[in-house]
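Asks: The numbering used here runs 27 ahead of the 1-based position in the sequence shown. Questions regarding the structure given below will be posed in turn.
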Amino acid sequence: MNQFSQVEIANWIAIYLAAAMCCAIAMAMSVSVTVHGLYRDKAWEYVRSVRGAVLFLPKAWWRWQKLYLLSTPVTLGIVSYFAATMTWS
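See below:
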């Protein structure tokens, strides 16, 4: 069974940390843009009825999900470029 060298372990830890940092930034940005969009559209005005309240959560979730998923190619690009700059041996 092959074991990783210290350099490879350090590189994998760095890659996972870079991915986590990019995801945290994407999460913060997508949540803030979603909240701003809901505030700008005054989406809470439709929550006056039970039906409006039930439909508000999926609409807000979908708005956030679209924004967060749009960050995936950027995150992959940044982390891939970071991994390509490392020396693995």
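Quick reminder that beta carbons are idealized off the backbone N, C-alpha and C, glycines included. Being a predicted model, the structure only gives us computed values, none of them experimental.
Which word fits S57, buried or exposed, when buried means at least 16 other C-beta atoms lie within 10 angstroms of its C-beta?
Replies: buried
Asks: Rounded to whole angstroms, what's the CA-CA distance from Y108 to I36? Just pull it up for me.
Replies: Between the C-alpha atoms of Y108 and I36 there is a straight-line separation of about 18 Å.
Asks: Which term fits V101, buried or exposed, when burial requires 16 or more other beta carbons within 10 angstroms of its beta carbon?
Replies: exposed
Asks: In angstroms, rounded to a whole number, what distance separates the CA positions of A51 and G79?
Replies: 31 Å
Asks: Residues in its own chain within less than 8 Å of A87 by CB, not counting five upstream and five downstream?
Replies: So the list reads T61, L65 and A70, once near-sequence residues are dropped.
Asks: Answer with buried or exposed for V34, where buried requires no fewer than 16 other C-beta atoms within 10 angstroms of its C-beta.
Replies: exposed
Asks: Are there 16 or more other CB atoms within 10 angstroms of the CB of V106, so buried, or fewer, so exposed?
Replies: buried
Asks: Does DSSP put K69 in a helix, a strand or coil?
Replies: Looking at K69 - three-state DSSP - the assignment turns out to be coil, as it is neither helix nor strand.
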